[in-house]
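Protein sequence lines, in the order shown, are assigned to chains A and B. Just add 93 to the spot in the first sequence (first one is 1) and you have our numbering. Just add 12 to the spot in the second sequence (first one is 1) and you have our numbering. Where a beta carbon is used, it is the ideal one built from N, C-alpha and C, also for glycine. Encoded as structure tokens, the structure appears first; notes follow it.
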Amino acid sequence: MKSGNIPVLSVNEDTIPRAYEKAIKEVWEKGASIRTEYDRPEDPPSRDATVIITVRKPFGQPRFHRSFADGLGGLADYVMEVIHGAHDYWVKPLEEILKGIESKDTRWTYTYHGRLFEYRIEDKVIDQIGLMIDKLSKTGYTRRAQAITWNPKLDPPTEDPPCLQRVWGRLCDDGKGGYIFNLNTHWRSRDLFKAWFENVIALTTLMRKIAEMISEKTKKQVQLGRYVDISDSLHIYGSYFREIKGDPEKGIKSFFEKLESRSFEERTWNSDFVKPYFINDGVGKGLKPMLEREKEMPGEIRKAIEKELSMMEEDDYIV
Amino acid sequence: MEIFKNIAEEVEKGHSDSVENLIEKALAQEISAEEILYQGLVGGMNIISEKFKNNECFIPEVLVAAKAMNAGLAILNPFLAEAKVRSEGRVVIGTVKGDLHDIGKNIVAMMLQGAGFEVIDLGADVPKEKFLESVKNKQADVVGMSALITTTMSYMKEVIEALKKEGLRDTVKVIIGGAPVNQSYADTIEADGYAPDAASAADMTKGLLK
Chain A
94 MKSGNIPVLS VNEDTIPRAY EKAIKEVWEK GASIRTEYDR PEDPPSRDAT
144 VIITVRKPFG QPRFHRSFAD GLGGLADYVM EVIHGAHDYW VKPLEEILKG
194 IESKDTRWTY TYHGRLFEYR IEDKVIDQIG LMIDKLSKTG YTRRAQAITW
244 NPKLDPPTED PPCLQRVWGR LCDDGKGGYI FNLNTHWRSR DLFKAWFENV
294 IALTTLMRKI AEMISEKTKK QVQLGRYVDI SDSLHIYGSY FREIKGDPEK
344 GIKSFFEKLE SRSFEERTWN SDFVKPYFIN DGVGKGLKPM LEREKEMPGE
394 IRKAIEKELS MMEEDDYIV
Chain B
13 MEIFKNIAEE VEKGHSDSVE NLIEKALAQE ISAEEILYQG LVGGMNIISE
63 KFKNNECFIP EVLVAAKAMN AGLAILNPFL AEAKVRSEGR VVIGTVKGDL
113 HDIGKNIVAM MLQGAGFEVI DLGADVPKEK FLESVKNKQA DVVGMSALIT
163 TTMSYMKEVI EALKKEGLRD TVKVIIGGAP VNQSYADTIE ADGYAPDAAS
213 AADMTKGLLK
């Protein structure tokens, strides 16, 4: 980055795993070397770029890449956290959040669900996703259907402010009396190697939820259109370079060698394979163990996850 | 034996149903549960652990294999108990109080189980009282603690101090791991072992119990 300009990259692919692999290759090869707040002194600077990624078929198969930093059950838990608020009760009280980095309370300062569905401003709690659904159902072509996460009072003083900033949706006519729902998500900062994929699985599941709600309201068919993901800083942290580069002397393969050593089918899973693990991964995660384990989860949220579980157990439900 | 090889391969692929069928078949052939465990199930987990060390497989694949191993273990457990088969050691593991991150801890637990340890997973956000209770009641050989954030790693020292106070420190080995900790921190809080990654945790633990 001799010019001082952060590279701007673009990725266009049919499916999520294809987009993930392409984005890693692009950022690794063309990204700038810049330090981040999370780099340790001994780490090299992170590889970083502004990136716009288009996934033309968000539920296209195979939908799941095998490279992410959790199990399939853990991924299901995360999806429930984003779309149903499974972990909203892990957020610390407002007075603790306001203490910023001085707070000794190690609970979270936000969840995406909390900000998108229960955004707090002055003395009001606003369901922004509900407003998006109402607005789009009334005027499909509106450019005003969006939900933000950033809270300028709470977020600047904390160590881990939200990465996702905004979701924006719009409907287009499908030419057959129905709609096609397009979703854009805007991210301030993003760990490409270990967070992007899980984020996108959750956000595209939210995309489908919104489309279903619009369909219910308008009594029209709403298909999913393209998903666009825009990151100001999409990065590969310096601490991951060993994993990306490998270590030939110790026989440790590079990430790219690992990809090349397998067919695309052998480095991905389709939704049919993943679904039983979303229900119960056999090692303590997934919807069933989550409902058993998390006794403090509020009743209303528990009910929403139980409903999700019963839908998931139906044959035609795609995770 | 061909059947051990087949069980190991199916564990590695995460095919729970095939693992269950093969184990039933092996038991019907009057092969001992201990042999099925160590040459079949642990054999499969060893393959995936080795691949994980060499960056040849992905994290979710380790957990998919672990599900298949657990499915097999559920069938074998009554036979193992009857034959009084001893594991490599009993490990009580958890992410310390205040910390809800459990991915690293879960992978270490799988690696230990795959290496033949009996693992009692206490989950995340575990208070010292729960560690102490498990060490006492389960007669653990090892306590494993994980933390992902700098504000919670100091709780590891509190657990070690509590073990000392209860007179339990000399009965167990304490191992630690997680992004903010290192060997120097392990030395400072007088932990017995530290592993920089999940792949090396099982070997390190085996070394401590030798």
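For leucine 285 of chain A, the number of other beta carbons within 10 angstroms of its own is at least 16, and it is reported as buried. According to DSSP, glutamate 106 of chain A shares a beta bridge with A:Val148. In the DSSP annotation of this structure, the continuous segment of the beta strand (DSSP E) that includes arginine 259 of chain A starts and ends at 257-266.
With 16 or more other Cβ atoms inside 10 Å of its own Cβ, asparagine 118 of chain B counts as buried. DSSP, read as helix, strand or coil, puts histidine 158 of chain A in strand.
Around the beta carbon of glutamate 114 of chain A, a 10 Å sphere encloses 16 or more other beta carbons of the protein chains shown; the residue is thus reported as buried. By the Cβ-count criterion, phenylalanine 290 of chain A is buried, with 16 or more other Cβ atoms from all chains shown falling within 10 Å of its own Cβ. For glycine 52 of chain B, no CB of chain A lies under 7 Å from its own CB, so it is not counted at the interface with that chain. Contact between the stretch 146-156 of chain A and the stretch 361-377 of chain A is established, with three or more Cβ pairs separated by less than 8 Å.
Straight across, the Cα-Cα distance linking alanine 40 of chain B with isoleucine 48 of chain B is about 12 Å.
Contacts between glycine 110 of chain B and chain A, judged by CB atoms closer than 7 Å, involve Thr199 in chain order. The beta carbon of threonine 164 of chain B sits closer than 6 Å to the beta carbons of Val108, Gly110, Asp111 from its chain, once the five residues preceding and following it are set aside; these are given in chain order. Lys65, Asn66, Asn67, Glu68, Cys69, Phe70, Ile71, Pro72, Glu73, Val74, Leu75, Val76: these are the residues of the stretch 43-76 of chain B whose beta carbon lies less than 9 Å from some beta carbon of chain A, given in chain order.
Take the alpha-carbon of leucine 380 of chain A and the one of serine 44 of chain B: they are about 35 Å apart. In this structure, the straight-line span from the alpha carbon of lysine 396 of chain A to that of isoleucine 201 of chain B is close to 44 Å. Rounded to whole angstroms, the separation of the alpha carbons of valine 171 of chain B and glycine 135 of chain B is 15 Å. Between the stretch 49-59 of chain B and the stretch 19-27 of chain B, the count of Cβ pairs shorter than 8 Å is three or higher; the stretches touch. In the DSSP assignment, methionine 157 of chain B falls outside any alpha helix (DSSP H) and within the unbroken beta strand (DSSP E) covering 154-158. Cα atoms of lysine 400 of chain A and glutamate 393 of chain A: separation of roughly 11 Å, rounded to the nearest angstrom.
Under the three-state reduction of DSSP, asparagine 149 of chain B is assigned to helix. Taking a 10 Å sphere around the C-beta of cysteine 69 of chain B, we find 16 or more other C-beta atoms and assign the residue as buried. DSSP, reduced to helix, strand and coil, places valine 193 of chain B outside both helices and strands of the structure shown, so it counts as coil. The three-state secondary structure of tryptophan 243 of chain A, taken from DSSP, is coil. By the rule that beta-carbons nearer than 7 Å mark a contact, asparagine 82 of chain B touches chain A. Contact note: threonine 163 of chain B reaches chain A through Lys197, Thr199, using a C-beta cutoff of 8 Å and chain order. Closest in alpha carbon position to tyrosine 203 of chain A, among A:Gly164, A:Gly331, A:Pro249, A:Ser354, is A:Pro249. Under the three-state reduction of DSSP output, alanine 203 of chain B falls in the coil class, being neither helix nor strand. Within chain A, the residues placing a beta-carbon under 9 Å from that of alanine 78 of chain B are Gly164, Asp374, Gly375, Val376, ordered along the chain. Contact between valine 184 of chain B and valine 155 of chain B holds, with the beta-carbon distance rounding to 5 Å and staying under 8 Å.
Think of a sphere of 8 Å around the beta carbon of aspartate 133 of chain B: the chain A residues whose beta carbon falls inside it are Gly377, in chain order. Straight across, the Cα-Cα distance linking valine 293 of chain A with valine 104 of chain B is about 35 Å. Counting only Cβ-Cβ distances below 7 Å, arginine 159 of chain A has contacts in chain B at Phe70, Pro72, Glu73, in chain order. Contact between alanine 142 of chain A and isoleucine 99 of chain A holds: CB atoms are separated by about 6 Å, below the 8 Å threshold. Less than 7 Å divides the Cβ of glutamine 221 of chain A from the Cβ of leucine 209 of chain A. Taking 8 Å as the cut-off between beta carbons, none of the residues of the stretch 104-130 of chain A comes near chain B. Scanning B:Ala174, B:Phe129, B:Tyr167, B:Ser166 for the CA closest to the CA of alanine 152 of chain B turns up B:Phe129.
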